[in-house]
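Report on the structure given below.
In my numbering, the protein residues as written are 36 to 348.
Pasting the structure below:
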């Protein structure tokens, strides 16, 4: 796939006369796999904004301008080729349109980065402050009046964390790990790269954004065990989320498909609440996710909608 870049040179005006036809296009910049020599000097009609996407067989190797011209001449082979070009351009435009509606300035992206941190901070506080353990259970254990069996080896006495009396259950640790693992990648994307990259494919295909979305699925897999407490359920969610995470690194990014898969992952780790009879908790989460989804999809307050989405989540 070749994407054109606007460029013009006065030395090649005679060579590029055919680019002035009604279906004129910009010569794409191409770098040979065997050479770093650029064909950019053959670009013509620098005022054109048309983006050409043309598929050449993998076996093709272009070494000269003539090879490039011969390959691109195939475009004139019929309406079917032109239709493929138009569809490809439309897809590219759709991605650009999708990203343009989410255009944010540097300050808004920095706030996006900061608003992803409270969740991870709260998870660490919840564990280190011993919030997962009821205070009455701690007092009963200290007084010896508890009916539970306590192991001295499992108790923690720390001057740094005086309220961390014991290692938390693995279910709680899995949830905390999932949330904390995702936060650094989301923070890095929003703080450093999102406002620097141009809108469209360069931003949506950047490795930092791919890692951000991939670790949403990492977090979802770990949360599924934290909510269900079942290894078989965790395994099923792990396999699904692993596939979703791997898809983030395909050449072509598909935002709609990615959002659907994230929705399925969220639903998958929420359903066990119904199995445990936690109907109120499930209803509360449903309201939270519905509000967050509306903020993310509709962008009702413009560039600040994404920060609001992080806060609600």
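The beta-carbon is built from N, C-alpha and C at its ideal position, and this holds for glycine as well.
The continuous stretches of alpha helix (DSSP H) do not include residue 240, and DSSP gives it neither H nor E.
Inter-residue distance for residue 293 and residue 140 is about 24 Å (C-alpha atoms, whole angstroms). Of the candidates 212, 221, 160, 286, 212 places its Cα closest to the Cα of residue 260. Rounded to the nearest angstrom, the gap between the Cα atoms of residue 238 and residue 193 is 45 Å. Following the DSSP letters along the chain, one finds residue 308 inside the alpha helix (DSSP H) bounded by residues 307-310.
Going by DSSP, residue 141 is part of the alpha helix (DSSP H) stretching over 141-150. Exclusion of the five residues before and after residue 198 leaves 164, 165 as the residues of its chain whose Cβ lies within less than 6 Å of its Cβ. Distance from the CA of residue 217 to the CA of residue 171, rounded to the nearest whole angstrom, comes to 33 Å.
Between residue 210 and residue 258, the gap from beta carbon to beta carbon is short of 7 Å. When the beta-carbon positions are compared, residue 280 and residue 138 stay at least 7 Å from each other.
Per DSSP, reduced to three states, the secondary structure at residue 342 is helical.
Take residue 196, set aside five residues on each side of it, and the residues of its chain with a beta-carbon closer than 7 Å to its own are 163, in chain order. Taking the C-beta atoms as reference points, residue 316 is found no nearer than 7 Å to residue 283. Taking all protein chains in view, the Cβ of residue 295 is surrounded by fewer than 16 other Cβ atoms within 10 Å, so the residue is classified as exposed.
Per the coordinates, the alpha-carbon of residue 229 lies some 17 Å from the alpha-carbon of residue 152. With a cutoff of 7 Å on beta-carbon distance, residue 343 and residue 330 are scored as near each other. Secondary structure of residue 201 (DSSP, three-state): strand.
A residue is called buried when at least 16 other Cβ atoms come within 10 angstroms of its Cβ; residue 308 meets this threshold and is buried.
With a threshold of 16 other beta carbon atoms within 10 Å, residue 310 falls short and is exposed.
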